[in-house]
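**Q**
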Amino acid sequence: MILGAEVLVLSHRLSRPRLFGTGSNLTRDSVVVRLEDGDGQVGWGETYLVPGAVGAARAMADAVVGREPEAAAAELPAGPARHRWALGAVSMALDDLRARCRGVGVSALYGDRQRDRVRAYASSRGYLDGIPLEAAWTEEATAMWDAGFRAMKLRIGRYALDDEIAAIERLVSTGPAMIWMADGNGAYGLDESRHLGRALDALGFRWLEEPLPTDDYAAYAPLARDLAIPLAGGEILERAADAEPFLRAGSFDLVQPDVSICGGIGGLLEIAAAAARAHRYAVPHACSGAIALAATLQVLAVLPVPGDAPPWAEPMLEHDVGENPIRTSLLASPLELDDGWMSIPDGRGLGVDIDEGALRRLIA
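To convert, count from 1 in the sequence shown and add 27; that's this note's numbering.
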């Protein structure tokens with residue numbers, strides 16, 4: 028039985044602003060849910076700090092106290108609090124706890140393992156104020172190669188398009204031999220996105236992510252039809268029902284559900300199933316801390332991918348590499364790369380142990 032629930036806000040002020048194509052941030056923040064049962068076992072969940080998430084997570088977490096984890100997990104999605112981002116954290120914590128009670132990994136709650144390791148790609152830290160674009164990209168790509176990554180996603184869209192394309196061309200020709208992707212962060216219009224997509228396709232990029240604003244995914248469909256490079260997006264989609272119209276319209280070749288945003292692992296797998304019905308593919312988005320990263324690995328263990336899927340539909344782990352101790356300091360044993368690949372933990376629950384002292388030092 029669940030005897031205790033906590034909802035904690037973690038925050039870290041960055042040593043320098045993190046800049047993107049259409050914005051910036053000064054802090055890294057997460058909402059963490061901690062559930063404890065009568066045997067002292069603890070389940071953890073995580074989501075992003077967005078309006079309403081803390082209050083909704085507290086309401087949901089308080090509602091499961093006094094319940095058995097299995098019953099609480101079965102009833103949670105139908106409960107009165109519908110904030111999907113908060114649901115992602117509470118559902119994740121319940122999955123972690125009930126898997127620990129069963130003595131299995133979270134992936135076992137959702138099916139048979141399809142793989143024991145996945146390729147991890149470095150998700151760029153973004154632009155750094157005061158550092159020239161090309162120098163920053165070259166330094167980061169070299170550092171990521173040395174850290175063991177063999178695939179990398181550039182965040183683009185802050186400077187003149189042709190200048191950035193020229194810098195990308197030089198990086199690809201002279202930098203590490205990465206598998207490359209690019210994230211436009213919604214910075215472009217339709218014509219610019221066509222120009223960018225054709226340039227990246229000529230350079231062998233695996234996909235182009237969200238070049239257009241994300242408040243109108245329907246506008247992605249004509250762009251996807253015009254481009255040979257696969258178009259990725261949909262990280263803020265909260266439900267399979269939200270994703271289905273865009274998948275049927277062909278807005279994405281790859282949909283990118285986030286386990287913290289779409290209500291947890293079950294919600295992510297529902298979006299992946301909707302993608303399969305539309306003859307599209309799913310590769311998860313992940314840009315938060317260690318707990319959500321571990322949950323994404325558990326999803327990737329069971330994510331079905333057809334045997335005839337193209338190489339760009341490979342189930343990869345997005346691994347944010349920006350400054351964030353919520354990702355780098357919470358695990359008792361860090362997740363490690365081996366020549367670009369990361370093993371999926373096979374221990375109980377999420378397969379990782381949390382250093383509670385380190386976590387509590389980050390409470391806002």
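Every residue gets a Cβ at the ideal spot worked out from N, C-alpha and C, and that includes glycine.
Report buried or exposed for residue 306, applying the criterion of at least 16 other Cβ atoms within 10 angstroms of its Cβ.
**A** Exposed, by the Cβ-count rule.
**Q** Going by C-alpha to C-alpha distance, which of 76, 85 and 47 sits closest to residue 181?
**A** Ranking 76, 85 and 47 by Cα distance to residue 181 puts 47 first.
**Q** Would you mind stating whether residue 245 and residue 192 have Cβ atoms separated by less than 7 Å?
**A** Not a contact, by the Cβ cut-off of 7 Å.
**Q** Measuring straight from C-alpha to C-alpha, what distance separates residue 251 and residue 259?
**A** Taking the straight line joining both Cα atoms gives about 9 Å.
**Q** Which residues in the same chain as residue 75 place their Cβ atom closer than 8 Å to its Cβ, once the five residues preceding and following it in sequence are excluded?
**A** Excluding sequence neighbours, residue 75 sits near 56, 57, 58, 112, 287, 288 and 315.
**Q** Which two residues bound the contiguous alpha helix (DSSP H) that contains residue 102?
**A** From DSSP, the alpha helix (DSSP H) with residue 102 extends over 96 to 102.
**Q** With distances taken Cα to Cα, identify the nearest neighbour of residue 282 among 324, 318, 234 and 253.
**A** Measuring from the Cα of residue 282, the nearest candidate turns out to be 234.
**Q** Provide the residue span of the alpha helix (DSSP H) that contains residue 118, from first to last.
**A** Run containing residue 118: 111 to 129, per the alpha helix (DSSP H) assignment.
**Q** Need the endpoints of the beta strand (DSSP E) that residue 205 sits in, please.
**A** Careful: residue 205 lies outside any beta strand (DSSP E) and carries neither H nor E.
**Q** Is DSSP giving residue 272 helix, strand or coil here?
**A** The answer is helix: DSSP assigns residue 272 an H, G or I state.
**Q** State yes or no: is the C-beta of residue 134 within less than 7 Å of the C-beta of residue 328?
**A** Cβ atoms of residue 134 and residue 328: closer than 7 Å.
**Q** Determine the direct distance from the alpha carbon of residue 356 to that of residue 41, and round the result to whole angstroms.
**A** So the two alpha carbons sit approximately 15 Å from each other.
**Q** Quick one: grab the DSSP three-state call for residue 54.
**A** DSSP places residue 54 in strand when its eight states are reduced to three.
**Q** Can we say the segment 62 to 69 touches the segment 110 to 125, given the rule of at least three CB pairs closer than 8 Å?
**A** In short, these stretches touch, since the Cβ pair count reaches three.
**Q** Can you list, in chain order, the residues of its chain with a C-beta nearer than 8 Å to that of residue 270? Leave out the 5 residues immediately preceding and following it.
**A** So the qualifying residues of the chain are 261, 264, 282, 284, 298, 301 and 302.
**Q** Nearest CA to the CA of residue 230: which residue from 206, 177, 125 and 212?
**A** Among 206, 177, 125 and 212, the Cα nearest to that of residue 230 is on 206.
**Q** Give me the Cβ distance between residue 178 and residue 367, rounded to the nearest whole Å; I'm assuming they're in contact under 8 Å.
**A** Contact flag correct, Cβ pair sits at about 6 Å.
**Q** Does the contact criterion of 3 or more C-beta pairs under 8 Å hold for the segment 126 to 143 versus the segment 157 to 169?
**A** Taking 8 Å as the limit for Cβ pairs, the verdict is that the segment 157 to 169 does not touch the segment 126 to 143.
**Q** Please work out which residues of its chain come closer than 7 Å, Cβ to Cβ, to residue 232, disregarding the five sequence neighbours upstream and downstream, and give them in chain order.
**A** 207, 208, 209 and 256.
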